[in-house]
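**Q**
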Amino acid sequence: MSAPAAPAAPAAPAAPAGPAFLSDVQVLAERDFKRSFSKPALFGTVVQPLVFFGIFYATFSGMLSAKGIDYGPSVTPTLVVQALMFIAIASAMALATDRGSGLFNRLRTMPISSSALGAARLLTVAVEAVISTVVITLVAHLAGFRFHEGPLAAIGFLLVAVLFTAALAAVTATLGLTVRSQEALAACLYLPYLPLLVVSTGFVPANLFPGWLQPVVNASPVSAVIEALRALSDGSTGTGRVWPALVWCTGLILLCGWTTARAFRKVTK
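Residue numbers for the sequence shown follow the working numbering, beginning at 145 and rising by one.
#1: Give the secondary structure of methionine 254 by DSSP, where H, G and I count as helix, E and B as strand, and everything else as coil.
#2: Measure the C-alpha to C-alpha separation of alanine 164 and asparagine 362 and round it to an integer number of angstroms.
#3: Less than 7 Å between the C-beta atoms of leucine 329 and alanine 240, yes or no?
#4: Short check: CB of leucine 314 to CB of cysteine 393, under 7 Å?
#5: Cβ of valine 411 within 7 Å of Cβ of leucine 321?
#6: I need the boundaries of the alpha helix (DSSP H) containing phenylalanine 308, first residue and last residue.
#7: Along the chain, where does the alpha helix (DSSP H) that runs through alanine 238 open and close?
#8: If you run the structure through DSSP and keep just helix, strand and coil, what is glycine 355?
#9: Give the DSSP-derived three-state secondary structure of valine 195 in the structure shown.
#10: Taking valine 306 as the reference, which of Ala389, Arg179, Phe181, Gly288 has the closest Cα?
#11: By alpha-carbon positions, which one of Thr281, Thr268, Val343 ends up nearest to alanine 310?
#12: Quick check on this structure: which residue in Gly206, Gly262, Asn351 has the alpha carbon closest to the alpha carbon of aspartate 242?
#13: Report the option in Val391, Val386, Arg324, Gly355 whose CA atom is closest to the CA atom of methionine 237.
#14: Are the CB atoms of aspartate 378 and proline 221 nearer to each other than 7 Å?
#15: Inspect the CB distances between the segment 223-232 and the segment 178-197 and report whether three or more fall short of 8 Å.
#16: DSSP state of leucine 335, grouped into three classes?
#17: Give a yes or no on whether the C-beta atoms belonging to alanine 260 and aspartate 168 are separated by under 7 Å.
#18: Once the 5 residues before and after alanine 407 are set aside, which same chain residues still bring their CB inside 6 Å of it?
#19: Skipping 5 residues on each side, what residues in its chain have a beta carbon closer than 6 Å to that of valine 271?
#20: What do you reckon, are the CB atoms on leucine 312 and threonine 277 nearer than 7 Å?
#21: Quick check on this structure: which residue in Tyr334, Arg250, Glu293 has the alpha carbon closest to the alpha carbon of isoleucine 231?
#22: Does the Cβ of proline 365 have 16 or more other Cβ atoms within 10 Å, making it buried, or fewer, making it exposed?
#23: Taking arginine 290 as the reference, which of Leu373, Glu327, Pro255 has the closest Cα?
#24: Report the rounded CA-to-CA distance for leucine 166 versus threonine 203, giving the unit in angstroms.
#25: Going by Cα to Cα distance, which pick from Glu371, Ser344, Gly294 is closest to glutamine 358?
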C-alpha cells in the first residue's frame with residue numbers, strides 16, 4: 145500500500161494587481177526611455193524639429209509677413225504636429241523591431257502583464273511629445289509665438305499635443321504589429337505623412353484649396369489638431385476650434401487601441 149501523498153504546499157499569495165502592473169510598466173518604460181532618449185533618438189525628438197523650424201522660418205516668414213501674417217503663431221502649431229507625427233512613426237518602427245527580435249514571446253514566459261507593454265510605450269511617446277513640444281514652443285517664442293490666455297492655455301496646448309501623439313501612436317502601433325517587412329512598414333508610415341500634413345490647414349487656409357478638396361482639408365484630423373493648437377495659443381477657444389481635435393483623438397485611440405490589442409494577441413500566440 146502506497147504512502148499517502150504529502151499535502152500540497154500552500155500557494156504563495158498573489159501580488160496585488162495594481163502594484164505589480166505599475167512595477168511592470170516601470171521596468172519596460174525604463175527600457176524604452178534608454179532607447180528613445182539615446183543620442184541618435186534625441187536627434188529626432190529635439191534637433192530635427194528645430195531644423196525644420198529654421199527651414200520653414202527661412203522659407204515662409206518673409207512671405208507671410210508680406211501678407212500681414214505672423215510666422216510664429218501661424219506655423220508653430222504645424223511644426224509641433226509634424227514633430228509628433230515623427231515620434232509616432234519612430235514608435236511603430238521600434239515596436240516592429242521588438243516584434244522581430246522575439247521580445248514579445250520572451251515576455252510571455254515572464255510574470256509581466258501584457259498590457260504593461262502598451263502602457264510603457266504610451267508613457268514613452270507622451271514624454272517625447274512633451275519634450276518636443278516644449279522645445280519647439282520655446283524656440284518659436286523668439287519668432288513671436290505666445291500663449292495669449294496664459295498658463296492654462298499653455299497646459300491645454302500641451303495636453304492636446306500629448307493626446308494627438310497617443311492617437312497617432314495607436315494608429316502606427318497597429319501597423320507596426322501587422323506589417324511584416326520593415327521596408328513595407330516604413331512605406332506605410334512615411335508615405336501618408338506628407339499628404340496628411342500638406343492637405344491640411346497647416347500652411348494654407350482651407351479656402352485657398354481647390355473647391356473639391358476643401359471638404360477633405362476641413363475634415364482632416366491634422367487640420368483639427370492644428371486649429372485646436374492655434375486656438376489655444378491665440379485665445380480663440382470659444383469658437384469651437386478645440387472640440388473637433390478632441391473628438392478625432394478620442395475616436396482614434398478607442399478604435400486603434402482595440403486593433404492594436406488584437407494585433408498584439410495575434411503576434412504573441
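Note that CB positions come from ideal geometry on N, CA and C, so glycine has one too.
**A** The short version:
#1: coil
#2: 45 Å
#3: yes
#4: Note on residue identity: the sequence assigns alanine, not leucine, to residue 314. Contact flag unset, no.
#5: yes
#6: 295-322
#7: 215-245
#8: Looking at glycine 355 - three-state DSSP - the assignment turns out to be coil, as it is neither helix nor strand.
#9: helix
#10: Ala389
#11: Thr268
#12: Gly262
#13: Arg324
#14: Contact check for aspartate 378 against proline 221 fails: the beta carbons are separated by 7 Å or more.
#15: yes
#16: If DSSP states are grouped into helix, strand and coil, leucine 335 belongs with coil.
#17: yes
#18: Hits under 6 Å: Thr318, Leu321, Thr322.
#19: none
#20: Not closer than 7 Å, so no.
#21: It is Tyr334 whose Cα lies nearest to the Cα of isoleucine 231.
#22: buried
#23: Leu373
#24: 46 Å
#25: Ser344
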